[in-house]
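Asks: Residue numbers (the numbering used here): 16 to 330.
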């Protein structure tokens, strides 16, 4: 009897294995379809779950400020929201609870005993005194981001817009009233990283810039115009105009471009890339998911939709 050629047998075995593997490998799931609906900054992604059944993710772009013109929402949005199997905002139900319990940690004095006012000019301190009054000495013991956070509220007071009308707050309040819980597109730590961005010196630098934006007449006017323009474009459902305004550079002498580039990358690109993975998982999980996040995450070259395309999730 002839001896079997071992090398030939090995080649034939591998080839046969590949043929069987190829024949038995399931077809890749078709890419989902992205549709921008007629409703204001509202998108629908139609795909299939892990079992091949229809799966849908709705994404409502929000604006964190507003007025009465935001409401009422369209019937399309209301129906999608009310009939969803799950919901997701930028922060989860539990993250809101955990954040509320972190007051003592977030409001703790700087561990090295630093005072923010030691790093500011007399004019900057005078402005902060006009804003915070007798509370300034206590606030000066905290991390610089605390003062910047307060100034962010002041920055839109003159625009006539109010955070109480922010669409995110409306969805959260409604879900709470319904007794529903919702997921977070971010972990709480990511939200904290954005809120408390930078080391002490970088936070002081950003605080000084925020003061300048409020005290320099030209810069203050430009900031108001951008904020109001963004909102007007949002109300008009004009995503192109919103993107144009989001890309408007507010430049001034001494602005640390490297610092703000890194900050913006964290706020948008890094988070959007992670959110695209979450959205793909929601599609695979099945049913209907309603997501509400800031509209800026849905626009431009590093939007969640661009990452969904790169991931091969949508066409």
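Glycine included, C-beta positions come from ideal geometry on N, C-alpha and C. None of the values given here were measured: they were computed from a predicted structure.
I'd like to check one pair, residue 105 with residue 243: are the Cβ atoms closer than 8 Å?
Replies: The answer is no: Cβ separation not under 8 Å.
Asks: Under 8 Å by Cβ, that's how I've got residue 143 and residue 162 pegged, so tell me the actual separation to the nearest angstrom.
Replies: About 7 Å; that satisfies the 8 Å criterion.
Asks: Between the region 188–207 and the region 150–160, do three or more beta carbon pairs fall short of 8 Å?
Replies: Cβ pair count under 8 Å is below three, so no.
Asks: If residue 47 and residue 260 are in contact, beta carbons under 8 Å, what's the gap, nearest whole angstrom?
Replies: Residue 47 to residue 260, Cβ: 29 Å. No contact.
Asks: Between 55, 53 and 72, which lies nearest to residue 62 when the distance is taken from Cα to Cα?
Replies: If we check each option's Cα against that of residue 62, 72 comes out closest.
Asks: In whole angstroms, what is the alpha-carbon distance linking residue 335 and residue 171?
Replies: As shown, the chain starts at 16 and ends at 330. That puts residue 335 outside it, with no answer to give.
Asks: Given a cut-off of 8 Å, decide if residue 226 and residue 60 are closer than it, judged by their beta-carbon atoms.
Replies: No, they are not a contact pair.
Asks: Across the region 311–322 and the region 282–299, are there enough close Cβ pairs to call them in contact, namely three or more that are closer than 8 Å?
Replies: Yes, the region 311–322 is in contact with the region 282–299.
Asks: Do three or more CB pairs link the region 299–306 to the region 269–277 at distances below 8 Å?
Replies: These segments do not touch.
Asks: Rounded to the nearest angstrom, how far is the Cβ of residue 276 from that of residue 173, given a contact under 8 Å?
Replies: The pair is not a contact, with the Cβ atoms about 28 Å apart (cut-off 8 Å).
Asks: Flag this pair as yes or no: are the beta carbons of residue 278 and residue 215 separated by less than 8 Å?
Replies: It is not a contact, given that the beta carbons lie outside the stated cut-off.
Asks: Please list the terminal residues of the continuous alpha helix (DSSP H) segment that includes residue 224.
Replies: 215–230 is the extent of the alpha helix (DSSP H) around residue 224.
Asks: Can at least three beta-carbon pairs, one atom from the region 173–189 and one from the region 73–93, be found at a separation below 8 Å?
Replies: At 8 Å Cβ cutoff, the stretches touch.
Asks: May I have the straight-line CA-CA distance separating residue 169 from residue 65, to the nearest angstrom?
Replies: Going by the C-alpha atoms only, they are around 48 Å apart.
Asks: Assign residue 175 to buried or exposed, taking buried as 16 or more other Cβ atoms, counted over all protein chains shown, within 10 Å of its Cβ.
Replies: So residue 175 counts as exposed.
Asks: So if DSSP puts residue 73 in a beta bridge, which residue, or which two residues, is it bridged to?
Replies: Residue 73 is bridged to 59 and 305.
Asks: Should residue 123 go down as buried or exposed, given a rule of 16 or more other Cβ atoms within 10 Å for buried?
Replies: Residue 123 comes out exposed.
Asks: With the cut-off set at 8 Å, would you say residue 76 and residue 49 are in Cβ contact?
Replies: No, they are not a contact pair.
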